[in-house]
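Counted from 1, the sequence shown has number 179 at position 179 by full-length UniProt numbering; the numbering is strictly sequential.
No residue lacks a Cβ here, since even glycine has one placed at the ideal position from N, Cα and C.
What you are looking at is a predicted structure, and each value in this text was computed from that prediction instead of being measured.
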Amino acid sequence: MSEQPPIIVWFRQDLRVADNPALAHAVQTGAPVIPLFVFDEEGEGKWAPGGASRWWLHYSLEALSDRIAALGSSLIVLAGDSQSILLELCERTGANQVYWNRRYEPAAIDRDTRLKKALADAGLRPRSFNGALLHSPLQIANKSGKPFRVFTPFWKHLRSIAVREILPEPKKLESHGFETLGSEIESLELLPKLDWADGFGSVWTPGEAGAKALFEGFVERGIARYAEGRDFPNEDAVSRLSPHLHFGEISPVQIWRMLSLEEHEPFLRQLVWREFSAHLLYHFPDTTEEPLNSAFSRFPWEFKGDWAEAWRRGRTGYPIVDAGMRELWKTGTMHNRVRMVAASFLVKHLLQPWQVGAAWFWDTLLDADLANNTMGWQWVAGCGADAAPYFRIFNPIGQGERFDPSGEYTRRWVPELAGLPDKFLFKPWEAPADVLEAAGVVLGVNYPLPIVSHPEARVRALEAYARMKENEV
């Protein structure tokens, strides 16, 4: 047993032992390590984990606890103010250093800045590392020394920079002897009290082992088809790694190092989109609620609660949109192509503020990541960096016909339309009465009529955009 004072390794969104910079550096010192997780809800500011994220966190913590136990130690789990808990734990255990991996959301940055000062003032040594991204946002700038606001130059810059090696995972962790200081994971009460999340477990395996198995399976079976198949929701051509990445069960460095840039560029490019979103949030922290393009602060949104609720529940009358929203509710995820179509429908067909959609996704997505969620919604709304032009308005009929040509995805999630022929699946209101009757579809009863007309909604959206431009100073 080392005679050095122990080091507290504070786990946050890095729930893994492999390629974990904070853990690896602590182990390298030879000092005893005290693994700690603190559920600090107030420290998250306005963006405490939503319901789906809490479900994932519960099972990811169980997986991490088991992993650390297998190495010979134990994870201490506590709830409350991070700063108070860390200062008290240092005093009780004799630890004189606290290591953690940085987070780059605004509230986390503010909390960590205050914490570093408090620890230093108490004579303790805080050390933080980049374990969430390929490169820290602190180190990335354009040729003028300013943040990137367009993805392609960002991508070219990042692909030219060497990525560090994968750090070794510890072979053993000594028992620290302070197990009684922690609480049971169940005491955090992360699991929803409704049966909403009951289906998640049949789809997902949170934890480091689940991430590893999913990644290896994707490399074996899906990555070769990724470039051509990623837009088709019924094909098994996407990685589904986003919740594992968000909770740090696998690192982007592991993915980057295990793949070839030449062979797997389309997928790695998407990994760098994740980096780009973190870069934007770090440099433009107000974008969680305000548009990056300030002109959109004058956009004439038309909030209508019944329309927003119809969208949330998959009752818009547009089958591909409804399929995506129902998939989200049942599985905690939505295929990316459908996600774009559903999001565009909310902000352009229904003229609902993008913040309404961002809030719903935050609560229902298992991969709810503040940077990704913010950039994605601002991209769709046309008000963010590298945004889709506002006049790019997805036709939900054409999108369904093009990307779900067999209708298998839509029929799975909107089973009341399963009997319709392909010709009318994405526009059931055009089906003759005898076709509807044969399929058992009663529009307005067991499946809604469209809440808006696509042609009329497109015109209204473009007129709203024109009014915003007219009001520019």
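Within its chain, find whatever has a CB closer than 6 Å to the CB of residue i; leave out the 5 residues flanking it on each side and keep chain order.
{"i": "Leu350", "result": "Trp307"}
{"i": "Asp66", "result": "none"}
{"i": "Asp422", "result": "Gly407"}
{"i": "Trp100", "result": "Trp10, Ala22 and Ser128"}
{"i": "His246", "result": "Asp367 and Asp369"}
{"i": "Ser136", "result": "Asn130"}
{"i": "Ser251", "result": "Asp19"}
{"i": "Gly199", "result": "Lys330"}
{"i": "Asn293", "result": "Cys383"}
{"i": "Ala387", "result": "Trp379"}
{"i": "Ala381", "result": "Val347 and Trp354"}
{"i": "residue 474", "result": "Nothing about residue 474 can be read from this structure; the chain reaches only from 1 to 473."}
{"i": "Leu181", "result": "Ile76"}
Could you check what DSSP says for residue i in three-state terms: helix, strand or coil?
{"i": "Leu443", "result": "strand"}
{"i": "Leu36", "result": "strand"}
{"i": "Leu71", "result": "coil"}
{"i": "Phe151", "result": "helix"}
{"i": "Val341", "result": "helix"}
{"i": "Ala211", "result": "helix"}
{"i": "Phe24", "result": "According to the sequence provided, residue 24 is Ala. The question's Phe does not apply to it. Helix at Ala24."}
{"i": "Ile140", "result": "coil"}
{"i": "residue 479", "result": "Past the edges of the chain, shown from 1 to 473, lies residue 479, and the structure says nothing about it."}
{"i": "His166", "result": "In the sequence under discussion, the amino acid at residue 166 is Ile, which differs from the His named in the question. Ile166 falls in the coil class under three-state DSSP."}
{"i": "Ile7", "result": "strand"}
{"i": "Ala107", "result": "helix"}
{"i": "Asp66", "result": "helix"}
{"i": "Lys156", "result": "helix"}
{"i": "Lys330", "result": "helix"}
{"i": "Thr205", "result": "coil"}
{"i": "Thr410", "result": "helix"}
{"i": "Asn336", "result": "helix"}
{"i": "Asp306", "result": "helix"}
{"i": "Trp47", "result": "coil"}
{"i": "Thr180", "result": "helix"}
{"i": "Asp322", "result": "helix"}
{"i": "Gln13", "result": "coil"}
{"i": "Glu91", "result": "helix"}
{"i": "Ser187", "result": "helix"}
{"i": "Glu42", "result": "helix"}
{"i": "Trp301", "result": "coil"}
{"i": "Ala52", "result": "helix"}
{"i": "Leu346", "result": "helix"}
{"i": "Ser60", "result": "helix"}
{"i": "Asp231", "result": "coil"}
{"i": "Asp236", "result": "coil"}
{"i": "Ala118", "result": "helix"}
{"i": "Gly317", "result": "coil"}
{"i": "Ala31", "result": "coil"}
{"i": "Asp195", "result": "helix"}
{"i": "Ser175", "result": "coil"}
{"i": "Asp112", "result": "helix"}
{"i": "Ala224", "result": "helix"}
Based on DSSP bridge pairs, tell me the residues matched to residue i.
{"i": "Arg125", "result": "Gln97"}
For residue i versus residue j, is the C-beta distance shorter than 8 Å?
{"i": "Ile140", "j": "His279", "result": "yes"}
{"i": "Thr113", "j": "Pro6", "result": "no"}
{"i": "Pro291", "j": "Gly384", "result": "yes"}
{"i": "Phe426", "j": "Glu401", "result": "yes"}
{"i": "Gly131", "j": "Gly248", "result": "yes"}
{"i": "Trp346", "j": "Val356", "result": "Per the sequence presented here, residue 346 reads as Leu, with Trp not at that position. Taking 8 Å as the Cβ cut-off, Leu346 and Val356 qualify as a contacting pair."}
{"i": "Val27", "j": "Ile68", "result": "no"}
{"i": "Leu173", "j": "Ser73", "result": "yes"}
{"i": "Ala323", "j": "Val414", "result": "yes"}
{"i": "Phe151", "j": "Trp256", "result": "no"}
{"i": "His58", "j": "Leu214", "result": "no"}
{"i": "Ala48", "j": "Glu41", "result": "yes"}
{"i": "Pro405", "j": "Val321", "result": "no"}
{"i": "Cys90", "j": "Ile161", "result": "no"}
{"i": "Leu15", "j": "Ser60", "result": "yes"}
With a threshold of 7 Å on Cβ separation, who are the neighbours of residue i within its own chain once the five nearest residues in sequence on each side are excluded?
{"i": "His264", "result": "Ile223"}
{"i": "Leu281", "result": "Tyr104, Glu105, Thr287, Leu370, Ala371 and Thr374"}
{"i": "Arg312", "result": "Met325 and Trp360"}
{"i": "residue 515", "result": "As displayed, the chain neither begins before 1 nor continues past 473, which places residue 515 out of reach and without an answer."}
Spatial neighbours of residue i within its chain, please: C-beta separation below 8 Å, excluding the five flanking residues on both sides.
{"i": "Glu184", "result": "Val77"}
{"i": "Leu194", "result": "none"}
Length at least 4, wholly inside the stretch 416-473: the alpha helix (DSSP H) runs in chain order: 422-425, 433-439 and 454-470
Sequence ranges, alpha helix (DSSP H) only - wholly within the stretch 349-399, length at least 4: 354-364 and 370-381
Taking only runs that begin and end inside the stretch 238-298, name each unbroken alpha helix (DSSP H) of 4 or more residues, in chain order. 242-246, 252-258 and 265-283
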